[in-house]
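Residue numbers (this note's numbering): 1079 to 1339.
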């Protein structure tokens, strides 16, 4: 299997497009043996949608067990060194410092924090009997037609639930700037960016391929397994994302001078 390693290095270091309209940032974790111990490793993955609407994995990086904003800064710098000059919209989870790390390298980028991650984090400490109603009330926020009506729904949520769960509305208000980015766009764009589901779906496919291997003997073996799995997965990526023609027209107007098909 060492024969494929030069191919991995060639793929990981290949030249990138100058601009990607949308890039998803996320992490997946695996167990790897290291000096007679089993430790957790974080695999940092960047999934982009290119100017033709096709999905493209820009790279995979194996780091220490805990996902860190500092390592994401290293990833962002590597992307830039490989020719990437601009990202229009970056979609990510709520890791502290991640947005700042991406902005440090691509200062014009718009950040969209994943709504689904935010909802999951919101209901973690909620009692089972309240969970369904809270999810329904949260949907009134991110399902609103405008940012103004969404913020109004957040205030109504706050009035209803703050006595029992004050941390939920506080988190939404603190992160509102990055949670509300998608309100500026039409539905075709919103559906693409309000969640990192595209990348989570990829991670799910990786887990299916690697589930038989509970512990990898080395970082290299993990890297080779993911690369081979990626080759099989991406063979099916032959069609642009849904309604890409409409999305392109919208992005060209919103990001005039920065993006063209």
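Built from N, CA and C at the ideal position, the CB exists for glycine as well.
Nearest neighbour of residue i, chosen from the options [CA to CA]
i	options	result
residue 1304	1153, 1151, 1121	1121
residue 1083	1110, 1302, 1118, 1104	1302
residue 1134	1095, 1201, 1141, 1175	1095
residue 1226	1153, 1307, 1254, 1316	1254
residue 1324	1264, 1141, 1132, 1090	1264
residue 1160	1091, 1313, 1283, 1299	1091
residue 1277	1266, 1337, 1308	1308
residue 1245	1321, 1201, 1211	1201
residue 1087	1114, 1332, 1306, 1237	1306
residue 1093	1216, 1157, 1282	1157
residue 1184	1106, 1105, 1299, 1152	1152
Cβ separation of residue i and residue j, assumed to be a contact under 8 Å, to the nearest whole Å
i	j	result
residue 1164	residue 1186	6 Å
residue 1139	residue 1103	Their Cβ separation, rounded to whole angstroms, is 11 Å, which puts residue 1139 and residue 1103 out of contact at 8 Å.
residue 1274	residue 1170	7 Å
residue 1127	residue 1100	4 Å
Close Cβ partners of residue i (< 8 Å) along its chain, the five nearest in sequence each way excluded
i	result
residue 1339	Only weak support is given to the placement of residue 1339: the predicted model assigns it a pLDDT of 46, under 50, and the question is left unresolved by the model.
residue 1336	1097, 1164, 1166, 1186
residue 1247	1232, 1235, 1236, 1239, 1240
residue 1297	1110, 1119, 1140
Run of the beta strand (DSSP E) containing residue i, from where it starts to where it stops
i	result
residue 1170	1164-1170
residue 1154	From DSSP, residue 1154 is part of no beta strand (DSSP E) but of the alpha helix (DSSP H) over 1147-1159.
residue 1279	Element bounds for residue 1279: not the beta strand (DSSP E) but the alpha helix (DSSP H), 1275-1288.
Cβ-Cβ distance between residue i and residue j below 8 Å
i	j	result
residue 1098	residue 1190	no
residue 1188	residue 1166	yes
residue 1137	residue 1124	yes
residue 1294	residue 1111	yes
residue 1270	residue 1319	yes
residue 1132	residue 1315	yes
Run of the alpha helix (DSSP H) containing residue i, from where it starts to where it stops
i	result
residue 1267	1265-1271
residue 1084	1083-1090
residue 1177	1176-1183
Neighbourhood of residue i by C-beta, 7 Å cutoff - its chain only, sequence neighbours within 5 removed
i	result
residue 1257	1191, 1193, 1196, 1250
residue 1218	1231
Proximal residues to residue i (C-beta, below 6 Å), its chain only, five neighbours per side dropped
i	result
residue 1268	1260
residue 1080	none
residue 1288	1303
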